[in-house]
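Data block below; observations after.
Numbering (our numbering), first residue to last: 789 to 1137.
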């Protein structure tokens, strides 16, 4: 069981979540900047500092980070656990390279903003490990074809994902499970296990090298952040680490103006692959539309059509209510809070 508390601005103020060992841990969030009410200034009492546009310079989520930025909101480098990681981007602002000092360099092959390949070169070596990624017709990651250590003989893996796009298992060409991932509702990686349910510690194991995890997002093992194209998401605290580039509102929902909120604090039913605009997950969208359709038939029959105006309002969105709130969730961690919100059907696109 997990519990989450929020203030009237849609900020998480306290959580109780199980860790990877199954022990429930309490965490506190502080927002002490009166002129920027959604700026996280401390986590569990550890101060977080920012530049003028909301990029963190010193950051803490249980580990201490030093972060440097360029071109506004592009992360130039991060330092954690005495290791620095450098990032390069193309002219469209999409990441094309990651260099982990003293270890390896990853170069990403893109189709638009989608990662369709990766080349890894270990420090001090010219030999490349090459990975080609294949997606299914729904856009979910499906398979990886790997050429390791310069080999011309490929090794093939297949991804098993759930209805929300989370990578849950990786299997080999004989469909033997080689890796299993477990996450909490916010995408925090709780376990990565091999086919015998043993923790994976070998950094060269494909389960570690594989860049795709929760929701199919690109995951950086060095920082524990997800790279969502326009910015980075931290599943440890359930927020983006830096501010959105644009102020965007949804109806009368105060969370639409929270520049750090991930998926309107509703991670179970929503996803945000670009870091700029969350959408309802496909499975939830289908259920929601079906529910509205059933309600429409029932009310129209009962009122002989008199409720058409009201139904039009319902059909235009999904209504959720709640002000400053504390919620306890079982198994999911889902919560919609802060104001009376209307999510338009454009979120389903």
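For every residue, glycine included, the Cβ atom is placed at its ideal position computed from N, Cα and C.
What whole-angstrom Cβ distance do residue i and residue j have, given they're in contact under 8 Å?
| i | j | result |
| --- | --- | --- |
| residue 971 | residue 981 | Between residue 981 and residue 971 the Cβ distance is about 13 Å, and since that is not below 8 Å, they are no contact. |
| residue 1021 | residue 1050 | 6 Å |
| residue 883 | residue 896 | 7 Å |
| residue 855 | residue 847 | 6 Å |
Would you tell me roughly how many angstroms separate the C-alpha atoms of residue i and residue j, rounded to the nearest one?
| i | j | result |
| --- | --- | --- |
| residue 873 | residue 850 | 18 Å |
| residue 845 | residue 881 | 20 Å |
| residue 857 | residue 964 | 42 Å |
| residue 918 | residue 968 | 22 Å |
| residue 843 | residue 875 | 16 Å |
| residue 1001 | residue 933 | 17 Å |
| residue 1008 | residue 913 | 22 Å |
| residue 801 | residue 839 | 22 Å |
| residue 1107 | residue 905 | Residue confidence for residue 1107 is low, a pLDDT of 31 falling below 50, so the modelled location carries little weight and cannot support an answer. |
| residue 996 | residue 823 | 41 Å |
| residue 929 | residue 921 | 7 Å |
| residue 789 | residue 990 | 31 Å |
| residue 829 | residue 984 | 42 Å |
| residue 811 | residue 869 | 24 Å |
| residue 813 | residue 886 | 32 Å |
| residue 1052 | residue 941 | 45 Å |
| residue 956 | residue 946 | 11 Å |
| residue 837 | residue 853 | 11 Å |
| residue 960 | residue 951 | 21 Å |
| residue 1064 | residue 948 | 27 Å |
| residue 1061 | residue 927 | 12 Å |
| residue 931 | residue 994 | 12 Å |
| residue 806 | residue 841 | 33 Å |
Return the residue from the list the options that minimises the CA-CA distance to residue i.
| i | options | result |
| --- | --- | --- |
| residue 1032 | 1066, 934 and 983 | 1066 |
| residue 935 | 829, 916, 955 and 923 | 916 |
| residue 1029 | 791, 815, 831 and 823 | 831 |
| residue 867 | 797, 888, 952 and 828 | 888 |
| residue 1026 | 1056, 1000 and 967 | 1056 |
| residue 987 | 966, 806, 919 and 973 | 966 |
| residue 859 | 1018, 1045, 1062 and 1050 | 1018 |
| residue 962 | 938, 910 and 944 | 944 |
| residue 816 | 825, 822 and 794 | 794 |
| residue 894 | 902, 910 and 807 | 910 |
| residue 975 | 828, 1016 and 931 | 1016 |
| residue 902 | 1058, 999, 791 and 789 | 999 |
| residue 808 | 1024, 1048 and 928 | 1024 |
| residue 1141 | 956, 1063 and 937 | Shown here, the chain extends from 789 to 1137; a query on residue 1141 therefore has no answer. |
| residue 792 | 890, 973, 1062 and 810 | 973 |
| residue 766 | 898, 869 and 865 | Residue 766 lies beyond the range of the chain shown here (789 to 1137); nothing can be said about it. |
| residue 1004 | 1059, 989, 1010 and 990 | 1059 |
| residue 796 | 956, 811, 819 and 806 | 819 |
| residue 1013 | 865, 948, 812 and 941 | 865 |
If you follow the beta strand (DSSP E) that residue i is in, where does it begin and where does it stop?
| i | result |
| --- | --- |
| residue 1056 | Here residue 1056 belongs to no beta strand (DSSP E), and DSSP marks it neither H nor E. |
| residue 973 | Per DSSP, residue 973 belongs to no beta strand (DSSP E) and is neither H nor E. |
| residue 871 | 871-877 |
| residue 866 | 862-868 |
| residue 887 | 883-888 |
| residue 934 | 929-935 |
| residue 902 | 902-910 |
| residue 818 | 812-818 |
| residue 892 | 892-899 |
| residue 1048 | Residue 1048 -> no beta strand (DSSP E), and no H or E assigned at all. |
| residue 791 | 790-794 |
| residue 803 | 800-806 |
| residue 1019 | Careful: residue 1019 lies outside any beta strand (DSSP E) and carries neither H nor E. |
| residue 921 | 916-923 |
| residue 858 | 852-858 |
| residue 848 | 844-848 |
| residue 1009 | Premise fails: residue 1009 is in no beta strand (DSSP E) and is neither H nor E. |
| residue 840 | Residue 840 -> no beta strand (DSSP E), and no H or E assigned at all. |
| residue 946 | 943-949 |
| residue 1060 | From DSSP, residue 1060 is part of no beta strand (DSSP E); its letter is neither H nor E. |
| residue 952 | Note, residue 952: premise wrong, no beta strand (DSSP E); not H, not E. |
With respect to the alpha helix (DSSP H) encompassing residue i, which residues constitute its N-terminal and C-terminal limits?
| i | result |
| --- | --- |
| residue 997 | 994-997 |
Label residue i either buried or exposed according to how many other C-beta atoms from any shown protein chain fall within 10 Å of its C-beta, with 16 as the threshold for buried.
| i | result |
| --- | --- |
| residue 1131 | Below a pLDDT of 50, predicted positions are generally treated as unreliable, and residue 1131, at 36, falls in that range; the measurement from the model is reported next regardless. It counts as buried. |
| residue 908 | buried |
| residue 925 | exposed |
| residue 954 | buried |
| residue 1068 | buried |
| residue 803 | buried |
| residue 863 | buried |
| residue 826 | buried |
| residue 958 | buried |
| residue 1006 | buried |
| residue 871 | exposed |
| residue 1011 | buried |
| residue 798 | buried |
| residue 890 | exposed |
| residue 1111 | Low confidence applies to residue 1111: its pLDDT is 35, below 50, so where it sits in the model is not reliable enough to give any reading. |
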